[in-house]
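To keep things clear, I will list the structure first and then write my remarks on it.
In the numbering used here, the protein residues as written are 1 to 186.
So, in structure tokens, the structure goes:
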């Protein structure tokens, strides 16, 4: 692209200027433009180089961050392992597994106890409800029996029970033999 632009400038200078004086001024101006162009071209290349270097630097920073994250995890695990090794109470992974199983069993037993207590509480509520219904039923039956007894007492005071004949009096007994037979068979 540089050679094409230079070539275009030279053709313009040669074809449009026939005098020596204007040609010298144009040549000087052309040379000045070429220097500015070269300076701008160098600046452009410098900027492109800086961009590439920034990209490279950014890539290195990302890789360094990843390596540091890995290193932090390694150090953390190392410290964790060191605490185990320096702990006098630690008896190995098999004991840890046994303790973990014990904790799991204890949790299972607690859960079963909670469920059993919930079932027992539910049964107790159901029994109390059934007993309350039974007491209510007995109260209703007693109230009904008392009401019936009061009605019977009131009827007997009022002159007998409705729908029944009064007991035979002395006049009904002397009617004859047929009346006595009926009474005997009744």
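Idealized CB from N, CA, C, for every residue including glycine.
At the level of alpha carbons, what is the spacing between residue 104 and residue 114? Those two C-alpha atoms are separated by around 15 Å.
Three-state secondary structure assigned by DSSP to residue 88: The answer is coil: DSSP assigns residue 88 none of H, G, I, E or B.
Between which residues of its own chain and residue 141 is the CB-CB distance below 6 Å, once the five residues before and five after are set aside? If we look at residue 141 and ignore the five residues flanking it on each side, it has no Cβ neighbours.
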